[in-house]
Every structure is written in structure tokens, then in C-alpha cells.
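Following the working numbering, the numbering of the sequence shown begins with 46 at its first residue and continues without gaps.
Every residue gets a Cβ at the ideal spot worked out from N, C-alpha and C, and that includes glycine.
In what follows, a single structure is set out as C-alpha cells and then discussed.
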Amino acid sequence: MTEDLKDIKNHFPILNQFVNDRPLVYLDNAATTQKPISVIQAEEKYYKTINSNVHRGIHTLSQLATVEMEESRKCVQQFLNAKKNYEIIFTKGTTDSINLVASGIEPLIKEGDEIIISNLEHHSNIVPWQFLAERKNLKLNVIPVDDNGELIMDEYDRLLSNKTKIVAVNHISNALGVVNPIEDIIIKAHKVGAYVLIDGAQAVSHRKVDVQALNADFYVFSAHKLYGPTGVGVLYGKEEILESMKPYQGGGEMIKEVTFEKTTYADLPFKFEAGTPNIAGNIVLKNAIDFVHTIGFKSIVRHEDDIMKYAKENLSQIDNIIIYAQNAQHTSGAISFNLNFENIHSSDVGFILDKQGIAVRTGHHCAQPIMKRFGIKGTIRASFAIYTTKEDIDQLVKGIYLAQKMLK
Ligand code: PMP
């Protein structure tokens, strides 16, 4: 571990504990990351000092909370390098952000248009588009993957046409850890006039994202996978597209004027933020981003590449292991595998690992179509964060040997 990350675990109180009488080895970071003490303390401070409702009050606490939430929005703007702070919409999470777009974009879609997603998507980047396709009678096309778990880009080229209105793909796959060629995907989609939504849920904690350099129309993520709180998400959208979309939900905060005859909507970003938001969560997302910045993406990428290489090298030594996307050109954050014995379910292995204090995810990872593509029901997934060490990987490997012995 490099010097700058040596003491990183000390920032995460939850990691310093025993689970099932063993020191916790937390390798389920793709599901959610742990929270540094700075985020935990900031949330406590908010409730102890300025808790009140935002954008409504004339009183001091309300104004302080509003200022802090808007500061956090600016922080997210800088984090993604968005042009305007009002291009950042606070949501409940990635799922909520995608549903917002799939609903709000309706006025820009007409019957017969087409949507492209990929075989690698999380259910939250599939189902909202199916809803839209049903409502507007659209065709949903799927970019297939090869045996390495990589998107077949020739097939993508073939699916694109001037009927394509939306391309929605993930930046990094949660199921296999494959990094998708989103730069290329975006350029090609724009050539046919389609909008592109990038699901960055698995990317934002692992690499610097620049929405302007990418020229993404929408980029979405969840705070809880970025060392921040649950129940908070971000939708970045280009101003001109957000302006022409319809509001997702109606209610307080998103209106300019309400009469029984007609309602007019608030300006961006509030048009898409109906109701009282997760104020504390939105505010402390800034603390999570600050934490990531104090380490810096250069160190994060260097460390996580090192961990990924070490994990692949060591896991591949295990007899009868199948590692998915092992030969994919770029993987990040997660490694998915199975033990190749008859009648062994991934959850059996997960159960034995848990008894050794090792937390991994097993099952379909909310990505059933990619499981089907590989002819499996699920995988065992170990996923990494800035605090993952080579010792954690050693424990995982030991745990798998034990599981093999017990299950054979
Ligand atoms: N997309 C991807 C790639 C994910 O990994 C996840 C979470 N596993 C989601 C979407 C959904 O995120 P959330 O549950 O935070 O809305």
C-alpha cells in the first residue's frame, strides 16, 4: 500500500471490528462503500446545529441549511466538471435518476423511436427504459457482449440508426467490473442525434469523471457508492435537454405558480426536485467528495489497479475457479467468479466466507441478463475501495480454499 493510503482504514470506524469473531474483511464495495468519520461527523453536526427545511424559511437555520446544500451542489458540479450548478439535480440515487430521465424525456420521444442499452446493465438501467418503451411504443435494442464480457462494438454500430433516440449504458459494470468504451459510445450516438445517459454508479469512486470532456448528455450516480450517505443520488444533465424535459414528480418546491387551472414550473434544478429532499444527505455528499479529493484520483487509480492485478493473479491460482471477464481489456473495482463444482451455489460460498468475517456479494447482482448470457444464476463478487489491502485479498483466497474443502 502506498504511503498516502497506509492509514486509510483508520478513517473508517466500521472496518475496525470483528464479524463472526474474525476481523472484518469488507469486499462488498460495489454494493455500498463504508463512510469515513468526516462524513459521519458532518451528518451528526447537521442534525445538532442547523437542521431545518431548505429553500422555504426566512429564519437563520433554514438559510444556513440552504446555503450548505447549495454549496454541496457546487461541489458536485466541480466533481463532474459540469458547466452550471443547476445542471446537478439531487435525487434518491442512481435508480431514481434514471427513472427521472426515462420519464422526463417523453416530450422529446415519438412513437417508433428506438432505445439502445447493453447486455451488461443493472436492472435500474433496463426496467425504466422498458416502461418508457411500453408507454411510447418504442423498440428496445441491446448491445451484446463477447465471452470476455466486453461490448461488441460492431453490433452497437449496427444497432445505431436515425431512429435511435437514447443510448443508456453503464460506465463500469457492477456485475463483472468491465469498463465500457463510453467515449466511443457517446461520439457514435451523437452522430445519429441520440441522447446518451451514462450510469456512473460504479465509476465515480474509481476514476475522475469529466462530463464536458465526455460530452455526456446525462451522467448519474449514487452517493452511497462514493463514501457518502444512502438515499442520495445525482443526475447531471445538459441544461438545454433538462429544460425541454417534463418534471418527473409534482409537489412543493418544483413550482413557480399553482392555480387550479394551470401550474408553472420552477427553474432548474428545482423543477426536478419536488418535496423535501434528503437535506442532511445532500449536504454531506460534499464531505464525501472532499474526502476523495484529499486522497486524489491519481493515488486511488494506482492503488486500485494494483489491488485488481493482485486479486486476479492470486484468485486465478485457485483450482476450479472461473473468473468472468478475466481477459477483458479494462476492469475496475470488482472481480466476479464461481467455483466450478456441481451443485455449488455462489451463496454457499458467500455463507462460508461470511463465517470468516469476509463480506462479498453473491447472486445475480441485479443484472440477470448478463448472468443469462454466461449461462449462470449468479457469481461471487469481490469489490474494492480505497481501503482494500492485499491482506484483504489474501484472506479472501484463504477463505475460498476453506469453502472448497467444505463444499467438495
Ligand atoms: N447501476 C449500477 C451499475 C449499480 O451498480 C447500481 C447499484 N448496485 C445501480 C445502478 C443502482 O444504484 P442505487 O441502488 O443506488 O439506485
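### Query
Quick one: complete beta strand (DSSP E) runs, 3+ long, within the segment 360-443?
366-369, 379-384, 406-408 and 424-428
### Query
So, are the CB atoms of Asn186 and Leu204 less than 8 Å apart?
yes
### Task
Just the C-alpha distance for Arg406 and Tyr240, rounded to the nearest angstrom, thanks.
33 Å
### Query
Between which two residues does the alpha helix (DSSP H) containing Phe336 stretch?
Ile324 to Ile340
### Query
Using a Cβ-Cβ cut-off of 6 Å (strictly less than) and excluding sequence neighbours within five positions of Asn144, which residues of its own chain qualify?
Pro173
### Query
Using 8 Å as the Cβ pair cut-off and three pairs as the minimum, do the segment 418-428 and the segment 371-383 touch?
The segment 418-428 makes contact with the segment 371-383: 3 or more CB pairs, one atom from each, lie closer than 8 Å.
### Task
Leaving out five residues on either side along the sequence, give the residues of the same chain with a beta carbon under 6 Å from the beta carbon of Arg67.
Gln401 and Gly402
#### Entry: Closest by C-alpha distance to Phe135, when choosing among Ala76, Gly395, Val265 and Ala333
The alpha carbon of Phe135 has as its nearest neighbour, out of Ala76, Gly395, Val265 and Ala333, the alpha carbon of Val265.
### Query
What number of angstroms, rounded off, separates the C-alpha of Ala370 from the C-alpha of Gly297?
Cα to Cα, the separation comes out at about 46 Å.
### Task
Can you say whether Met451 is buried or exposed, counting buried as having 16 or more other CB atoms within 10 angstroms of its CB?
exposed
### Message
My parser needs the alpha helix (DSSP H) runs of 4 or more residues fully inside the segment 225-282; what are they?
### Response
227-236 and 256-259
### Task
For the segment 244-258 and the segment 210-229, state whether three or more C-beta atom pairs, one from each stretch, are separated by less than 8 Å.
yes
### Query
Any chance the CB of Ala427 is under 7 Å from a heavy atom of ligand 1?
no
### Message
Please tell me whether, using a cut-off of 7 Å, the distance from the CB of Gln123 to the nearest non-hydrogen atom of ligand 1 is below it.
### Response
no
### Query
On the three-state DSSP scale, how would you describe Ser148?
DSSP places Ser148 in helix when its eight states are reduced to three.
### the segment 175-186 / the segment 153-164 touching (three or more Cβ pairs under 8 Å)
With a cut-off of 8 Å, the segment 153-164 and the segment 175-186 count as touching, because enough Cβ pairs lie within range.
### Query
Got a sec: does ligand 1 put a non-hydrogen atom nearer than 7 Å to the Cβ of Ala246?
yes
### Task
Could you tell me which uninterrupted beta strand (DSSP E) segments, each at least 3 residues in length, are contained entirely in the segment 152-201, listed from first to last along the chain?
159-163 and 184-188
### Query
Which class does Pro81 belong to by DSSP, given the choice of helix, strand or coil?
coil
### Query
Cα separation between Val121 and Ala448?
42 Å
### Task
Report yes if the C-beta distance between Leu287 and Leu313 is below 8 Å; otherwise report no.
yes
### Task
Evaluate contact between the segment 326-336 and the segment 79-92, counting only Cβ atoms and requiring at least three cross-stretch pairs below 8 Å.
yes
### Query
Can you find at least 3 beta carbon pairs, one from the segment 146-154 and one from the segment 288-308, that sit closer than 8 Å?
A contact exists between the segment 146-154 and the segment 288-308.
### Task
Report the option in Val256, Thr308, His56 and Ser392 whose CA atom is closest to the CA atom of Lys283.
Val256
### Message
Out of Phe386, Gln440 and Asn182, which one is the CA nearest neighbour of Ile421?
### Response
Phe386
### Task
Count the other C-beta atoms from every protein chain shown that fall within 10 angstroms of the C-beta of Tyr446, then say buried if there are 16 or more, exposed otherwise.
exposed
### Message
At a threshold of 7 Å, does Ser169 count as lining ligand 1 (C-beta to nearest heavy atom)?
### Response
yes
### Query
Given Val99, which residues of its chain have a CB within under 6 Å of its CB, disregarding the five upstream and five downstream residues?
Counting only residues of its own chain and dropping the five nearest sequence neighbours on each side, Val99 has a CB closer than 6 Å to the CB of Ala110, Thr111, Met114 and Ile324.
### Message
So, at 6 Å on beta carbons, what are the nonlocal neighbours of Ile334 in its own chain, with the 5 sequence-adjacent residues on each side left out?
### Response
Cys120 and Phe124
### beta-carbon Thr140 near ligand 1 non-hydrogen atom, thresh 7 Å
Remark: the C-beta of Thr140 is in contact range of ligand 1, defined as less than 7 Å to any heavy atom.
### Query
Should Gly297 be listed as close to ligand 1, given that the test is whether its C-beta is under 7 Å from any heavy atom?
no
### Message
Among the candidates Asp262, Leu221, Glu285 and Ala248, whose CA atom is the shortest distance from the CA of His235?
### Response
Asp262
### Any non-hydrogen atom of ligand 1 within 7 Å of Asn225 CB
no
### Query
From which residue to which residue does the alpha helix (DSSP H) around Lys210 run?
Unbroken run through Lys210 is the beta strand (DSSP E), Thr209 to Asn215; no alpha helix (DSSP H).
### Cβ separation of Thr77 and Val224, assumed to be a contact under 8 Å, to the nearest whole Å
The pair is not a contact, with the Cβ atoms about 20 Å apart (cut-off 8 Å).
### Query
Thinking C-beta only, is Arg118 closer than 8 Å to Ile95?
no
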